[in-house]
Each structure stands twice: as C-alpha cells, then as structure tokens.
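Everything on this sheet refers to the single structure shown next.
Numbering (the working numbering), first residue to last: 7 to 370.
Structural data, given as structure tokens:
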C-alpha cells in the first residue's frame with residue numbers, strides 16, 4: 007500500500023524528529039557519564055514533544071516518510087555543495103533542481119516544487135538563452151505543479167510562454183511544433199469550456215475568437231509547407247472546429263441585447279411647443295432631446311445573426327477540410343477513417359442546427 011499524500015506532512019514531521027532524536031542519542035553516547043542524567047531528561051522532553059495526536063501510522067509508512075526526509079536532506083545538501091564548488095548558475099544545477107522538484111512533487115509539496123522549478127528555469131535561461139529547448143520540460147513541470155494548486159492564471163501564463171518558445175524554435179514541419187499547437191489549443195479550449203479564468207461572456211468570446219484566429223493562422227502556414235502530410239493537420243483542424251463551435255453556441259444562447267449593434271443606440275429629435283412669453287404673447291419654443299433609436303434593436307439582432315453565421319461558416323470550412331483529408335488519405339487506417347467520419351457527422355449536425363437558428367427572423 008502506497009503512502010497517503012495527505013498524511014505526508016505529518017509523516018515527514020515525525021521523520022525529521024526521528025532524525026533529530028537519532029543524532030541526539032549518538033551524541034549522548036559520546037558524552038561523559040556525569041552528564042547522562044541531564045541528557046536523559048532532555049531526551050525524554052524531546053520524545054514527549056514529538057508525540058503527535060495520530061499514532062496510527064504504520065511502520066511501513068513511517069519508514070517511507072523517513073526515506074523521503076533523508077532523500078530531501080541529501081538532495082538539498084548536494085545542491086548547496088554544487089553551488090559552492092561550481093557557482094550558482096552552473097548548468098549542472100538544472101538537473102539537480104529538477105530532481106529536487108520532482109521529489110517535492112512526490113511529496114505533494116507543489117508550492118516548494120514551483121519555487122525549485124523556477125530556479126531551474128532561471129539557470130537554464132542564463133546558460134542557454136531566452137529561447138531554448140532546455141526550458142520546455144521545466145515549464146511543463148511548472149504547468150503541472152500550478153495545475154495541482156489550481157493556480158489557473160499561472161498555468162495560462164506558462165502555457166503562453168511554452169508555445170511562444172516552441173514557435174521560435176521549431177519549423178512548421180517539425181512534429182514538436184505540431185505538439186505545441188495541440189497542447190496550447192487544448193489548454194485554451196479547456197479554459198473556455200470550464201471558464202477556469204472566471205471570464206465574462208465578452209472575455210470568453212475574445213478567448214474563443216483569438217483561438218480560432220490562432221488555429222486558422224497555423225493551418226494556413228502549415229498547408230503551404232512542402233512535405234507536410236495533410237493527416238498531421240487533423241487535430242489542429244478539429245481544434246479550430248471546436249473553437250468556432252463554442253463561439254457559435256455561445257452566440258446562440260446569448261440574448262441579442264448583449265450584442266453591439268451597428269446603429270447608434272440613441273438619436274436626437276427636435277420637439278417644439280407653444281408657450282407664452284413675458285409679454286403674454288404665444289411663441290413657439292423648440293429643443294433637442296435624446297431618444298432611443300428604434301433601429302438599434304434590429305441592428306443588435308443583425309449583429310447576433312452575423313456572429314452566428316460567421317462562425318458557422320468557419321465550422322463548415324473545417325468540416326470540408328476534414329472530409330477532404332479523409333477521402334484522399336492513403337495513410338489513415340479504416341478505423342481512423344471511421345472515427346473521423348463520426349466526428350464529421352457530429353460537426354455537420356451541429357452546423358445545421360446553428361444555421362437554422364441563425365435564419366430565424368426573431369432572435370431572443
């Protein structure tokens with residue numbers, strides 16, 4: 007049975023106390039006999055203070071916790087020695103920091119892991135430059151650790167940096183570049199679906215629009231590359247279809263009053279009335295007032311319909327791309343083509359539903 011990570015802090019506390027007691031007892035045997043009574047009393051006090059409320063920890067778990075404590079002390083000591091002998095920015099520290107960070111991760115101490123990985127990233131950037139492949143695995147560890155803490159803003163920042171570095175390092179035809187696109191796009195899709203960044207409707211819509219443009223730009227750049235297999239674009243095209251579908255669905259669910267119409271919300275009108283002046287004579291007085299533009303509501307409906315139609319058309323373009331690759335591919339297996347056909351059918355059903363909604367004369 008593995009160790010329970012929720013009990014790990016308590017176990018490590020016990021482990022450190024055991025180490026302290028062990029050191030203390032070693033020193034006891036080295037002292038003159040005259041001091042033995044005082045040392046025994048001190049040992050009893052330490053043992054009394056070390057008793058924790060939960061005494062149900064098994065010997066196996068205690069041994070595991072003690073092993074963690076010893077490993078942690080050994081790795082921290084090794085890093086201090088490396089810094090002393092090699093300097094605080096020596097490249098060898100990258101691996102040492104990484105090992106220590108993984109140990110903290112195993113101990114479920116994600117905050118400490120983040121700090122250590124941050125040190126590793128700094129050393130990597132100093133030694134290999136701002137755009138180096140050595141940074142990418144460290145950033146991936148930072149993403150994982152922040153995800154464990156649900157620090158989604160930090161995760162988003164690291165995802166942005168990871169893609170930015172990959173886009174500077176790898177050619178369009180490099181599979182590592184494709185992997186970076188899929189990872190970045192997958193993260194942004196999750197941000198939209200779960201609203202991890204707690205964005206408003208407008209914020210989510212901007213995220214989706216930016217993602218759609220990101221996918222379109224990536225696809226356009228890769229399609230013109232010589233030697234690139236079209237099948238490698240399938241995940242990217244499907245990701246774009248999901249982004250466009252999210253925008254169209256959100257537009258369909260949103261009242262038209264939330265959209266910005268093209269017409270002015272208010273117009274000026276001149277109103278006149280007859281009043282008596284100070285001499286008692288009837289005169290005509292006119293003034294200007296701001297009133298609601300009756301055309302503005304219709305322009306809001308038009309804006310909603312345009313938003314839905316625009317991204318439904320984008321969705322249909324993705325469907326055509328997917329179908330073209332499926333029909334012309336000599337690489338995809340029968341099962342892969344069948345799975346792709348299922349995805350296409352689902353997207354077509356969604357697009358038909360959205361098209362019908364966009365054609366309605368009255369949009370809520």
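Here a beta-carbon is modelled for each residue, glycine too, at the ideal position from N, C-alpha and C.
Leaving aside the five residues before and after residue 268 along the sequence, list all residues of the same chain whose C-beta is less than 6 Å from its C-beta, in chain order. 305
Is residue 318 helix, strand or coil by DSSP? helix
Identity of the residues DSSP links to residue 298 by a beta bridge: 272
Report the rounded CA-to-CA distance for residue 115 versus residue 238, giving the unit in angstroms. 38 Å
Please name the residue or residues paired with residue 201 in a DSSP beta bridge. In the DSSP output, where bridge partners are listed per residue, residue 201 has none listed.
Using beta-carbon positions only, say whether residue 242 and residue 275 come within less than 7 Å of one another. no
Local conformation of residue 358 per DSSP, three classes: helix
What is the rounded straight-line gap between the Cα of residue 294 and the Cα of residue 277? 6 Å
Beta carbon of residue 190, beta carbon of residue 169: below 7 Å? yes
Quick check on DSSP: helix, strand or coil for residue 169? helix
For residue 277, the three-state DSSP class (helix, strand or coil): strand
Answer with buried or exposed for residue 245, where buried requires no fewer than 16 other C-beta atoms within 10 angstroms of its C-beta. buried
My output table needs one value for residue 288: the three-state DSSP class, helix, strand or coil. strand
Note the first and the last residue of the continuous alpha helix (DSSP H) segment covering residue 139. Premise fails: residue 139 is in no alpha helix (DSSP H) and is neither H nor E.
Go ahead and label residue 213 buried or exposed: buried means 16 or more other beta carbons lie within 10 angstroms of its beta carbon, across all protein chains shown. buried
Selection from 310, 358, 146 and 153 that minimises the alpha carbon distance to residue 202: 153
Where residue 214 sits in the DSSP three-state scheme: helix
Taking a contact to mean a Cβ-Cβ separation below 7 Å, would you say residue 216 touches residue 320 in this structure? no
Assign residue 293 to one of three DSSP states: helix, strand, or coil. strand
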